[in-house]
Amino acid sequence: MNRCLACLVIPLISCTAAFAARIAPPIRAQMAPMPATIQAGQAVDIVLDRYWRSNVKVDQAGLHDNKKSFPHVPHLIEYRFELSVGGEYELQGRYTAETASPTFLTIDGKPQGIRFEKAEDRRSEWVSLSKTRLTPGKHWIRFTSRYVETPFPTVSGLRLVYHGGQNPAPDPEPPIVGPRPSLPDDWSKNISRKIHSDFHTAGFIRGIGSKLDGDAFGKTLKDSGINAICIFAKGHHGYAYYNTKIGTRHPGLDFDLMQAQIYACHKYGIAVWTYFSIAPDELYNSTCDQTITDPNDRPTDMQVDVKSSYVVDNLWPMVTECVRNYDLDGLFFDFPGNEEFVRETVRLVKGIKPGMVVAYNHQWAKSRDELRGLDVLELESWRHKQPLYHWQYYARYARGAVPLTAMTIRFHRSWGDFGGVTNEAMLRVHAATAMANGCLLTIGDHLHPSGQLDPAVYERIGRVLRDVMKIEPYVTGSESIPYVALMRLKEVALMGVDNPCHALLDSGIHFTVIDPSQDLHPFAAVVVPDASMVDDALTAQLQEYVENGGRLLVFGKPSAKLANLLGVEAQAAKEAAYINIDPRIFPTPPPTNLYTYLDVAPARPLEGTDVLAPLVWAMNHGTIHISRRQSPPSDEPSGLAAITS
Numbered sequence: 030m031n032r033c034l035a036c037l038v039i040p041l042i043s044c045t046a047a048f049a050a051r052i053a054p055p056i057r058a059q060m061a062p063m064p065a066t067i068q069a070g071q072a073v074d075i076v077l078d079r080y081w082r083s084n085v086k087v088d089q090a091g092l093h094d095n096k097k098s099f100p101h102v103p104h105l106i107e108y109r110f111e112l113s114v115g116g117e118y119e120l121q122g123r124y125t126a127e128t129a130s131p132t133f134l135t136i137d138g139k140p141q142g143i144r145f146e147k148a149e150d151r152r153s154e155w156v157s158l159s160k161t162r163l164t165p166g167k168h169w170i171r172f173t174s175r176y177v178e179t180p181f182p183t184v185s186g187l188r189l190v191y192h193g194g195q196n197p198a199p200d201p202e203p204p205i206v207g208p209r210p211s212l213p214d215d216w217s218k219n220i221s222r223k224i225h226s227d228f229h230t231a232g233f234i235r236g237i238g239s240k241l242d243g244d245a246f247g248k249t250l251k252d253s254g255i256n257a258i259c260i261f262a263k264g265h266h267g268y269a270y271y272n273t274k275i276g277t278r279h280p281g282l283d284f285d286l287m288q289a290q291i292y293a294c295h296k297y298g299i300a301v302w303t304y305f306s307i308a309p310d311e312l313y314n315s316t317c318d319q320t321i322t323d324p325n326d327r328p329t330d331m332q333v334d335v336k337s338s339y340v341v342d343n344l345w346p347m348v349t350e351c352v353r354n355y356d357l358d359g360l361f362f363d364f365p366g367n368e369e370f371v372r373e374t375v376r377l378v379k380g381i382k383p384g385m386v387v388a389y390n391h392q393w394a395k396s397r398d399e400l401r402g403l404d405v406l407e408l409e410s411w412r413h414k415q416p417l418y419h420w421q422y423y424a425r426y427a428r429g430a431v432p433l434t435a436m437t438i439r440f441h442r443s444w445g446d447f448g449g450v451t452n453e454a455m456l457r458v459h460a461a462t463a464m465a466n467g468c469l470l471t472i473g474d475h476l477h478p479s480g481q482l483d484p485a486v487y488e489r490i491g492r493v494l495r496d497v498m499k500i501e502p503y504v505t506g507s508e509s510i511p512y513v514a515l516m517r518l519k520e521v522a523l524m525g526v527d528n529p530c531h532a533l534l535d536s537g538i539h540f541t542v543i544d545p546s547q548d549l550h551p552f553a554a555v556v557v558p559d560a561s562m563v564d565d566a567l568t569a570q571l572q573e574y575v576e577n578g579g580r581l582l583v584f585g586k587p588s589a590k591l592a593n594l595l596g597v598e599a600q601a602a603k604e605a606a607y608i609n610i611d612p613r614i615f616p617t618p619p620p621t622n623l624y625t626y627l628d629v630a631p632a633r634p635l636e637g638t639d640v641l642a643p644l645v646w647a648m649n650h651g652t653i654h655i656s657r658r659q660s661p662p663s664d665e666p667s668g669l670a671a672i673t674s
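Sequential numbering of the sequence shown, starting at 30, is according to this note's numbering.
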């Protein structure tokens, strides 16, 4: 039997999808003139009488009535300019702040931090506001503040000081990493048994946190074996659960709930993360530039535009506020949407606290490249997603690129099912599946609006986690041993490999999901789920792999070069037919004739190729339908094969 096995009967369903996401059209603005050449150390003033935002001209002080167009941004100034020379620039300003008025500064949508944090008169000197690298072209600077009770600082001058580095190369992308160098080597041990305490709470609910007993809260978690928890800073409704000066605290909350939870958990040695919903929320839905639009200018579901007012003026300032003011161990971002948002948010957080763990919900990540710079990736799943399968292919693809946490839920049905609790046996199976894939474990709960934990729920969780603790030392930091590689061929959702993944799992075969760029030689066999996506470069790679003793299993219609490697001649698509399975494939063979139901891509075997499943045409092959659902199989050989070796 040859080393190449070709399964050529597959549904010929088009999998091509074209989507060209683009940023919403930029806001029109006049540009301040810039010189064609500039010397190192030279300063260029930005013209301050040209402020534009949503086609609304701003007065000399930089203020205007935002209540209609930007109700959540009381104070906003935006400057637009154009550079003819790229390089390293320092933004300097002259200003007067009558009172402390913390203001968020962004350049081209990238957060630069908070300025104007104290009352001072700096009209007579140039103050450094930011240092950044700029390329030739159009740029914009934005100052935003939500402090409605304090006057906005008066900016009397802005200038850019050139520091050389003409037309610099873009910042190098961070490498694919696990823990950041700023984190201790064993940091992940502190989050190996985490509770995700959901708290999406509608604005009409009152008495938020009214029954929170900090000591009982922390003790319940500790007694259950929990060593980390994710509490809420901002949920899907848009409300904050801490004393924010940027966002809107929940109207039913009259104290700093997040601070109380942090204190209660740290008292018992429990690490605390806080949660940010990235999906455009109910409070901010009056602005229209939150998400990336499709080619028809329709907003995409969760593809957040990093240059939108929602991110720049609301979300990032709230993140900055929490990282600066609270003793947090980590941040968790839900529905981040795209790689650009992840990259810029990591840069923001690490710039303030390098040791802060930054985690994301996995649902945005579609390739290993998109895992750059993450500390940990959460694989969220629950009953309707079949976590026993769902975790398997996501974890087997992402592990090794970044530490992973598998998140299940304690609910019987889905999130917020307060009346249902997952039975203990199912919770144990989910925990075991997570650990078998080298993942840390997170269990999702939903805290009651009153702030009380359900003791019965945590008793059940505790019984499971006590067994998890016994296995933990063998899982934390473990590595997968290469055996079978399941190749993912395109940067699309991993659902493209879910069926072969299920087949390998049900067969008890250990496997790893890989990209074509990864080395094939450590693996005993490689599975290619769709031959139509294999290009010439990958064909050459597979040829070299087979010549060096590797085994290859290929599904689908191959190209001419790949077909030659497989020992077949690819044929045009045909209508559904029957196949006969050779007993060498299955010790207990299935029925003699199996119907494919959908069109097939058969092959003509070349000399020396072993046919393991010949193709059998139906009696009505090429003619009219003659039976109820399909025509019976004929006795005439087709000369074509469904499976070869």
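Just so you know, even glycine gets a beta-carbon here, dropped at the ideal spot from N, CA and C.
- Here tyrosine 487 is not bridged, per DSSP, to any residue.
- DSSP places cysteine 294 in the helix class (H, G or I) of the three-state scheme.
- Serine 338 carries a helical assignment under DSSP once its states are collapsed to helix, strand and coil.
- Scanning Glu636, Ser663, Gln600 for the CA closest to the CA of tyrosine 624 turns up Ser663.
- In the DSSP assignment, proline 529 falls within the unbroken alpha helix (DSSP H) covering 527 to 535.
- Counting the other CB atoms within 10 Å of its CB gives lysine 263 a total of 16 or more, which places it among the buried residues.
- Linking glutamate 149 to valine 526 through their CA atoms gives a straight-line distance of about 60 Å.
- Within its own chain, the residues whose Cβ lies closer than 6 Å to the Cβ of proline 551, once the five positions on either side in sequence are excluded, are Pro511, listed in chain order.
- Straight through space, the alpha carbons of valine 378 and valine 348 are spaced by roughly 8 Å.
- Taken atom to atom, the span from the alpha-carbon of lysine 586 to that of alanine 532 is near 20 Å.
- Rounded to the nearest whole angstrom, the CA to CA distance from leucine 549 to histidine 229 is 45 Å.
- Taking the CA atoms as reference points, alanine 599 sits about 20 Å from glutamine 570.
- Annotation: tyrosine 118 to threonine 132 spans about 21 Å, alpha carbon to alpha carbon.
- Taken in chain order, the whole beta strand (DSSP E) runs of length 3 or more contained in the region 253 to 301 are 257 to 263.
- Contact between the region 342 to 359 and the region 275 to 282 is established, with three or more Cβ pairs separated by less than 8 Å.
- Ranking Ile143, Ser674, Glu107 by CA distance to the CA of glutamate 350 puts Ile143 first.
- Listed in chain order, the beta strand (DSSP E) runs fully inside the region 553 to 582 are 554 to 557, counting runs of at least 3 residues.
- Contact check for isoleucine 258 and methionine 287: beta-carbon distance about 11 Å, past the 8 Å limit, so the pair fails to qualify.
- For asparagine 343, there is no enclosing beta strand (DSSP E), as DSSP gives it neither H nor E.
- With 16 or more other CB atoms across the displayed protein chains lying within 10 angstroms of its CB, methionine 385 is buried.
- Of His225, Gln141, Thr135, the smallest CA-CA separation from serine 338 is found for Thr135.
- Out of Asn622, Val597, Phe615, Gly596, the CA that lies nearest to the CA of isoleucine 608 is found in Asn622.
- In the three-state scheme derived from DSSP, where H, G and I count as helix and E and B as strand, phenylalanine 370 is classed as helix.
- Excluding sequence positions up to five before and after lysine 248, its CB lies within less than 8 Å of the CB of Tyr297, all in the same chain and listed in chain order.
- Taking all protein chains shown into account, alanine 630 has 16 or more neighbouring C-beta atoms within 10 Å of its C-beta and is therefore buried.
- Leucine 408: member of the beta strand (DSSP E) spanning 405 to 409, first to last residue.
- An exposed status is given to asparagine 577, since fewer than 16 other beta-carbon atoms sit within 10 Å of its beta-carbon.
- Taking every protein chain shown into account, the CB of asparagine 390 has 16 or more other CB atoms within 10 angstroms, so this residue is buried.
- C-alpha of phenylalanine 362 to C-alpha of proline 666: approximately 59 Å in a straight line.
- Bridge pairing for leucine 644: Ile608 [DSSP].
- For tyrosine 503, the closest C-alpha among the options Tyr487, Ile472, Ala465 is that of Ala465.
- Distances from the alpha-carbon of alanine 560 to those of Arg489, Phe584, Glu573 put Phe584 closest.
- Assignment of lysine 167 by DSSP, reduced to helix, strand and coil, places it in the strand class.
- Cβ-Cβ distances below 8 Å link leucine 357 to Ile291, Val301, Trp302, Thr303, Cys351, Met385 in the same chain, with the five nearest sequence neighbours on each side left out; the list follows chain order.
- It is roughly 12 Å from the alpha-carbon of aspartate 227 to the alpha-carbon of phenylalanine 440.
- Short of 8 Å from the beta carbon of serine 239, and not among the five residues preceding or following it, lie these beta carbons of its own chain, in chain order: Ser479, Gly480.
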